[in-house]
Amino acid sequence: GAGVSQSPSNKVTEKGKDVELRCDPISGHTALYWYRQSLGQGLEFLIYFQGNSAPDKSGLPSDRFSAERTGGSVSTLTIQRTQQEDSAVYLCASSPGGTRSYNEQFFGPGTRLTVL
Amino acid sequence: SQQGEEDPQALSIQEGENATMNCSYKTSINNLQWYRQNSGRGLVHLILIRSNEREKHSGRLRVTLDTSKKSSSLLITASRAADTASYFCATAPFSGGYNKLIFGAGTRLAVHP
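Put into structure tokens, the structure is as follows:
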């Protein structure tokens, strides 16, 4: 079946603009994760969804970052008033999930965000 | 913040040789996973080893876990040019039933024909 897909693959924006990044997880996967990979910080956890709720948002860097998930499927990560330090590759991953399950995660190809 | 420390940071070998990468971590974990990344984009899951396991094999890959030393190693045997990539270890702390992965800085492996 299809893997995790993300769109756009590349996004160039100007400082101060808002951006939306989309993730389509593997069908049936209830757990969804967002990570960010940047040169200075490596790979960082941002947020975890179980179904449509986000019990762990501890990695979101500031209140300019938000994410939602609808229908237990697609997730959108929104960055408001982008700053140059937001430039990074944003990776989405999904997992069969369920509570009390620690499973492997399947990653999408990422969205490379460049803030000018 | 990163939990894992990996060494070496970079490794260059010839095809057919074995490659060993090491990972150390700081806190108790539920499991540890190894991922491969090509060209700075998507991560490919290689192996998951749980805290009650000591060794796991998958094809040419062998992973060991020593929870007393808080360390793991990934061995790739008979390497191929196609193994050239960055390899990351990721730990999953006990966190209520989900894998909040904490990644190491990675090892860049170059396999020369």
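Chains as they are written, first to last, in my numbering: chain D, 1 to 116; chain F, 1001 to 1113. C-beta atoms are modelled at their ideal positions from N, C-alpha and C, and glycine is treated no differently. Note that the coordinates shown come from a computational prediction; the quantities given were computed from them, not determined experimentally.
Cα-Cα separation, residue i to residue j
i                : j                : result
V1063 of chain F : E1055 of chain F : 6 Å
I79 of chain D   : C23 of chain D   : 14 Å
N1022 of chain F : R81 of chain D   : 40 Å
Q1009 of chain F : F1088 of chain F : 10 Å
A1078 of chain F : A1019 of chain F : 8 Å
R1108 of chain F : Y1035 of chain F : 12 Å
T1091 of chain F : R1060 of chain F : 22 Å
N1030 of chain F : F106 of chain D  : 18 Å
D18 of chain D   : G1097 of chain F : 33 Å
P8 of chain D    : L116 of chain D  : 17 Å
Residue j beta carbon less than 9 Å from that of residue i
i                : j                : result
C92 of chain D   : G108 of chain D  : yes
S38 of chain D   : V89 of chain D   : yes
L46 of chain D   : P61 of chain D   : yes
L1065 of chain F : S1072 of chain F : yes
Chain-order list of residues whose beta-carbon lies under 7 Å from that of residue i (same chain, five-residue window excluded)
i              : result
E44 of chain D : Y35, R36 and G59
Interface flag, residue i vs chain F, CB-CB below 9 Å
i               : result
A67 of chain D  : no
N52 of chain D  : no
E14 of chain D  : no
L113 of chain D : no
Y90 of chain D  : no
P55 of chain D  : yes
R81 of chain D  : no
E85 of chain D  : no
Same chain only: Cβ atoms within 6 Å of residue i, ignoring 5 sequence neighbours per side
i                : result
D56 of chain D   : Y48
K25 of chain D   : Before going further, note that residue 25 of chain D is Pro rather than Lys in the sequence given. If we look at P25 of chain D and ignore the five residues flanking it on each side, its Cβ neighbours are V4, L32 and S94.
T1067 of chain F : S1051
G51 of chain D   : T30 and G72
T1027 of chain F : P1093
S1086 of chain F : Q1037, G1106 and R1108
Interface flag, residue i vs chain D, CB-CB below 9 Å
i                : result
Y1098 of chain F : yes
H1045 of chain F : yes
L1101 of chain F : yes
E1005 of chain F : no
A1010 of chain F : no
S1072 of chain F : no
N1030 of chain F : yes
K1095 of chain F : Per the sequence shown, residue 1095 of chain F should be read as Ser rather than Lys. Yes, S1095 of chain F lies at the interface with chain D (some Cβ there is under 9 Å from its Cβ).
A1092 of chain F : yes
L1065 of chain F : no
G1059 of chain F : no
Residues near residue i in its chain [Cβ-Cβ closer than 8 Å; skip 5 each side]
i                : result
A1110 of chain F : A1010, L1011, S1012, I1013 and T1084
I1047 of chain F : Q1033, W1034, K1056, S1058, L1061, V1063 and L1074
Q28 of chain D   : According to the sequence shown, residue 28 of chain D is Gly rather than Gln. Contacts found: P96.
Chain-ordered chain B contacts of residue i [CB-CB under 7 Å]
i               : result
E104 of chain D : Judged by its chain identifiers, the structure shown contains no chain B, and its protein chains are D and F.
Is the number of C-beta pairs between the region 1003-1012 of chain F and the region 63-80 of chain D that are closer than 8 Å three or more?
no
Stretch pair the region 1087-1103 of chain F + the region 1031-1045 of chain F: three plus CB contacts closer than 8 Å
yes
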